[in-house]
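Below is one structure, written out as structure tokens; comments come after it.
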Amino acid sequence: AGRAAPRSTAGAGGADPPVLRAFVAGCPVDAGPSWDNVDPVDGSVRSRVQESGKDLVDRAVLAARAALDGPWGALSVAQRTGLMRKVADRIEARFEEFVLAESGDTGKPLAQARELDVARAVANFRAFADTVAAAGAPSYLTDLAGGKQALNYAVRKPLGVVAVIVPWNLPLLLLTWKVAPALACGNAVVVKPSEWTPTTATLLAEVLAEAGVPDGVYNVVHGFGPGSAGQFLTEHPGVDGVTFTGSSATGSAIMRTVAPRVRPVSFELGGKNAAVVFADADLELTLAGLTRSVFANTGQVCLCTERVYVERPVFDDVVAGLVKQAEALRLGRPDDPATTTGPLISTEHRERVLGYYRLAEEQGARVLVGGGVPALGDGLDGGSWISPTLWTGLTNADAPLRQEIFGPCAAIVPFDTEDEAVRLANDTDYGLASVVWTTNLSRGHRVAQRMRVGLSWVNTWFLRDLRSPFGGVGLSGIGREGGEHSLDFYTELTNVCVAL
Ligand code: NAD
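Each number in full-length UniProt numbering corresponds to the 1-based position in the sequence shown with 12 added.
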């Protein structure tokens, strides 16, 4: 896993594609051999990305350490959080460039890149500037024998050099979700974006420099996982902690890599998320919500629903309604305002997802809609398109309900009682997110609290307050980020005890 299949540019014709380089100590740096960054919309080559070797990763970690020891380490909280607000302003000033870069790497509709990805990048810098500016630390007056007292108080210090490793589905959103708190807390970072989506992390380096963030505070290395920049970074002795978003298997590999040096990790990993629809749910609201939670970003959001449990009296209505919504999705070019759904990230990922489409049929699923690869014509057939797909006839024993697929698909399963719904939803090794659809207030709270997940929504999905805790249980991760919860990872506390 990890390394993208090399692709040939022979016969591509036209001008040479642009080259993406590493960014170390404030400058773009030539790295090693390069690979093709392919546009998933039509299979054309967008850019060539230079792979950072071990030496360059080492230079990036040393640059980050030097930044901590330099002027960055001496800034006040107000100065640092002021810089983070300037970064947000600079992203806004170059908003459309970020939109085009993000949509170009992923194939997602421009409208989504605008409304979700880039808008959230701006919000991330502002939210964590606010959180860090307002944060305090605990203190205790301790009573001692003989009427004496001691004062205990904690001081927060940056963790140090933080490795930030992120996936390809929401590249800038997930990157800034980590970089903003890390920098606001005074750390320096070396980031390794996904090999599939290297562009916005590189653009962010320019913006941070424009805002006045000192050299070496934000470094970018490009490459793959095992035997490449990802592994070199996580095994580097100069890295003080690793914050990672990606698959559970990679999280496990990173944990093994850092174990000998006992470094802290923060992991936001995969999901196999359930939605539970009760017979009393508002059907229109539910169908609109399910359509988003199953198909948003072509199903490539860690929070996406892949298991839909429906109370039997409304099962047929929900199935029919969801099929209708799936049929109404419009696959198309990112700049077409009518497009709702882009391609998958790559033809390699499509092969994985199609494997589950085949498996579902072998295990007896009824395919209600989709099930394969659409013929779109219009020059799109070199892209990694896939049809939105819904199944009935599967149970929790079947692999398509147990393993994360990460595509635009879901299995719909009936249930009869509240207890059964909770049992089915919690019957998974993952534990990231869930949604309960009901108009019964008490049931909404009750069932939401019984979900074994980090994020439990009622009558909505992916509604985020950036101060609230975000993360998962089980295979879905370790730790929580968001608001002050992020401070627990990105800072170390030193407790000072003074005898009075
Ligand atoms: P991935 O685990 O394959 O890759 C993620 C990143 O890790 C990439 O940058 C990759 O190069 C790097 N990597 C791979 N192997 C490595 C290794 N051994 N050492 C160091 N780095 C390594 O994940 P992906 O396919 O890019 O993303 C999809 C996955 O991410 C899904 O499982 C999805 O659920 C998960 N995800 C989780 C969240 C969350 O917040 N919980 C959010 C988005 C995506």
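Just so it is clear, CB atoms sit at the ideal spot from N, CA and C, and this is done for glycine as well.
Using three-state DSSP, classify residue 17 as helix, strand or coil.
To locate residue 17, count along the sequence shown from 1; it is residue 5. Only weak support is given to the placement of residue 17: the predicted model assigns it a pLDDT of 43, under 50, and the value that follows is read from those uncertain coordinates. Residue state, collapsed to three classes: coil.
Leaving aside the five residues before and after residue 306 along the sequence, list all residues of the same chain whose C-beta is less than 6 Å from its C-beta, in chain order.
Residue numbering aside, residue 306 sits at position 294 when the sequence shown is read from its first letter. The answer, listed in chain order, is 317, 422.
Same chain only: Cβ atoms within 8 Å of residue 53, ignoring 5 sequence neighbours per side:
Residue 53 sits at position 41 when you count from the first residue of the sequence shown. Apart from sequence neighbours up to five positions away, the residues of its chain that approach residue 53 with a beta-carbon distance below 8 Å are 119, 345, 346, 354, 355, 392, 395, ordered along the chain.
Residue 121 to residue 115 span [Cα, whole Å]
Stepping through the sequence shown from its first residue, residue 121 is reached at position 109. Stepping through the sequence shown from its first residue, residue 115 is reached at position 103. The C-alpha of residue 121 lies about 6 Å from the C-alpha of residue 115.
Quick one: what does DSSP say residue 309 is sitting in, helix, strand or coil?
As a first step, residue 309 is located in the sequence shown; it is residue number 297 there, counting from the start. Here DSSP, grouped into helix, strand and coil, assigns residue 309 to helix.
Take the Cβ of residue 507 as the centre, count every other Cβ of all protein chains shown within 10 Å, and call the residue buried at 16 or more, exposed below.
In the sequence shown, the residue the question calls residue 507 occupies position 495. A residue is called buried once 16 or more other Cβ atoms fall within 10 Å of its Cβ, and residue 507, having fewer, is exposed.
Can you tell me whether residue 375 is helix, strand or coil according to DSSP?
Looking up residue 375 in the sequence shown gives position 363. In the three-state reduction of the DSSP assignment, residue 375 falls in the coil class.
Within 8 Å, strictly: CB atoms of residue 539 and residue 146
Outside the modelled stretch of the chain, which goes from 13 to 512, sits residue 539, for which no answer is possible.
Residue environment, residue 412, which counts as buried when at least 16 other CB atoms sit within 10 Å
Taking the first residue of the sequence shown as 1, we reach residue 412 at position 400. By the Cβ neighbour-count rule, residue 412 is buried, with 16 or more other Cβ atoms within 10 Å of its own.
Apart from the five residues just before and just after residue 335, which ones in its own chain have a Cβ nearer than 7 Å to its Cβ?
For the purposes of this step, residue 335 is taken as residue 323 along the sequence shown, with counting starting at 1. Counting only Cβ-Cβ distances below 7 Å, and skipping sequence neighbours, we find 380, 381, 402.
For residue 233, count neighbouring Cβ atoms within 10 angstroms of its own Cβ and tell me buried if that reaches 16, exposed if not.
Here the question's residue 233 lines up with position 221 in the sequence shown. With 16 or more other Cβ atoms within 10 Å, it is buried.
Let me confirm a value: residue 51 is counted as buried when at least 16 other C-beta atoms fall within 10 Å, else exposed. Which label applies?
Counting from one through the sequence shown, the residue named residue 51 turns up at place 39. Per the 10 Å Cβ criterion, buried.
Using alpha carbons as the reference points, say which of 290, 264, 224 lies closest to residue 243.
Taking the sequence shown and counting its residues from 1, one reaches residue 243 at position 231. Nearest of 290, 264, 224 to residue 243, Cα basis: 264.
Assuming contact is defined by CB atoms lying nearer than 8 Å, are residue 90 and residue 200 in contact in what I supplied?
Looking up residue 90 in the sequence shown gives position 78. Looking up residue 200 in the sequence shown gives position 188. No Cβ-Cβ contact shorter than 8 Å links residue 90 with residue 200.
Expressed to the nearest angstrom, what Euclidean distance is found between the alpha-carbon atoms of residue 44 and residue 207?
Counting from one through the sequence shown, the residue named residue 44 turns up at place 32. Counting from one through the sequence shown, the residue named residue 207 turns up at place 195. CA-CA distance, residue 44 to residue 207, rounds to 14 Å.
Could you tell me how far apart the beta carbons of residue 203 and residue 176 are, in whole angstroms, since I believe they sit closer than 8 Å?
Numbered from 1 along the sequence shown, position 191 holds the residue referred to as residue 203. Numbered from 1 along the sequence shown, position 164 holds the residue referred to as residue 176. That pair is a contact at about 4 Å.
Taking residue 208 as part of the beta strand (DSSP E), name the residues at either end of that continuous run.
Here the question's residue 208 lines up with position 196 in the sequence shown. Per DSSP, residue 208 is not a residue of any beta strand (DSSP E), being assigned neither H nor E.
Going by alpha carbons, who is nearest to residue 342 out of 259, 328, 386?
Your numbering for residue 342 matches position 330 in the sequence shown. For residue 342, the closest C-alpha among the options 259, 328, 386 is that of 386.
Measuring alpha carbon to alpha carbon, tell me which of 490, 27, 501 ends up nearest residue 266.
Position 254 of the sequence shown, counting from 1, holds the residue named residue 266. The residue with the shortest Cα to Cα distance from residue 266 is 490.
Who are residue 170's beta bridge partners in DSSP?
Position 158 of the sequence shown, counting from 1, holds the residue named residue 170. Looking at the DSSP output, residue 170 sits in a beta bridge with 503.
Tell me whether residue 375, by its Cβ, gets closer than 7 Å to a heavy atom of the ligand NAD.
Residue 375 sits at position 363 when you count from the first residue of the sequence shown. Not so, every heavy atom of the ligand NAD lies at least 7 Å from the Cβ.
So what does residue 408 bridge to, in DSSP terms?
Your numbering for residue 408 matches position 396 in the sequence shown. Looking at the DSSP output, residue 408 bridges to nothing.
So residue 1 and residue 252 are supposed to be a Cβ contact under 8 Å. How far apart are they, rounded?
Since the first and last residues shown for the chain are 13 and 512, residue 1 lies out of range.
Please classify residue 314 as buried or exposed, where buried requires at least 16 neighbouring CB atoms within 10 angstroms.
Locating residue 314 in the sequence shown gives position 302, where the first residue counts as 1. Burial call: buried.
Roughly how many whole angstroms lie between the Cα atoms of residue 284 and residue 102?
Within the sequence shown, the letter at position 272 stands for residue 284. Within the sequence shown, the letter at position 90 stands for residue 102. When rounded, the separation of the alpha-carbon atoms in residue 284 and residue 102 is 36 Å.
Going by DSSP in three states, residue 497 sits in which element: helix, strand or coil?
As a position in the sequence shown, residue 497 is number 485, starting the count at 1. For residue 497, the three-state secondary structure derived from DSSP is helix.
Between residue 58 and residue 358, what straight-line distance do the alpha-carbon atoms span, to the nearest angstrom?
Position 46 of the sequence shown, counting from 1, holds the residue named residue 58. Position 346 of the sequence shown, counting from 1, holds the residue named residue 358. So the two alpha carbons sit approximately 13 Å from each other.
Could you round the C-beta distance between residue 100 and residue 134 to whole angstroms and report it? I think they count as a contact, below 8 Å.
One-based indexing of the sequence shown puts residue 100 at position 88. One-based indexing of the sequence shown puts residue 134 at position 122. Right, the Cβ-Cβ distance comes to about 5 Å (below 8 Å), so this counts as a contact.
Between the CA atoms of residue 139 and residue 312 - distance to the nearest angstrom:
Here the question's residue 312 lines up with position 300 in the sequence shown. Here the question's residue 139 lines up with position 127 in the sequence shown. Residue 312 and residue 139: Cα-Cα distance of roughly 25 Å.
Once the 5 residues before and after residue 109 are set aside, which same chain residues still bring their CB inside 7 Å of it?
The residue labelled residue 109 in the question sits at position 97 within the sequence shown. Cβ contact annotation for residue 109 (same chain, cutoff 7 Å, sequence separation greater than five): 215, in chain order.
Could you tell me the distance, in whole angstroms, from the CA atom of residue 400 to the CA atom of residue 76?
Position 388 of the sequence shown, counting from 1, holds the residue named residue 400. Position 64 of the sequence shown, counting from 1, holds the residue named residue 76. Distance between the alpha carbons of residue 400 and residue 76: 43 Å.
Cβ pair residue 450, residue 293 closer than 8 Å
Numbered from 1 along the sequence shown, position 438 holds the residue referred to as residue 450. Numbered from 1 along the sequence shown, position 281 holds the residue referred to as residue 293. The criterion of a C-beta distance shorter than 8 Å is satisfied by residue 450 and residue 293.
Euclidean distance between Cα positions of residue 475 and residue 512:
The sequence position of residue 475 within the sequence shown is 463, counting from 1. The sequence position of residue 512 within the sequence shown is 500, counting from 1. In this structure, the straight-line span from the alpha carbon of residue 475 to that of residue 512 is close to 48 Å.
Since residue 442 and residue 486 should fall inside the 8 Å C-beta cutoff, what is the C-beta to C-beta distance between them, to a whole number of angstroms?
Taking the first residue of the sequence shown as position 1, residue 442 is located at position 430. Taking the first residue of the sequence shown as position 1, residue 486 is located at position 474. Taking the Cβ atoms as the reference, residue 442 lies roughly 6 Å from residue 486, within the contact range of under 8 Å.
Would a C-beta distance cut-off of 8 Å place residue 488 and residue 281 closer than the cut-off?
Numbered from its first residue, the sequence shown carries residue 488 at position 476. Numbered from its first residue, the sequence shown carries residue 281 at position 269. In contact: residue 488 and residue 281 (Cβ atoms closer than 8 Å).
Run of the alpha helix (DSSP H) containing residue 107, from where it starts to where it stops
Against the sequence shown, residue 107 aligns to sequence position 95. Taken as a continuous stretch (DSSP letters only), the alpha helix (DSSP H) holding residue 107 covers 107-118.
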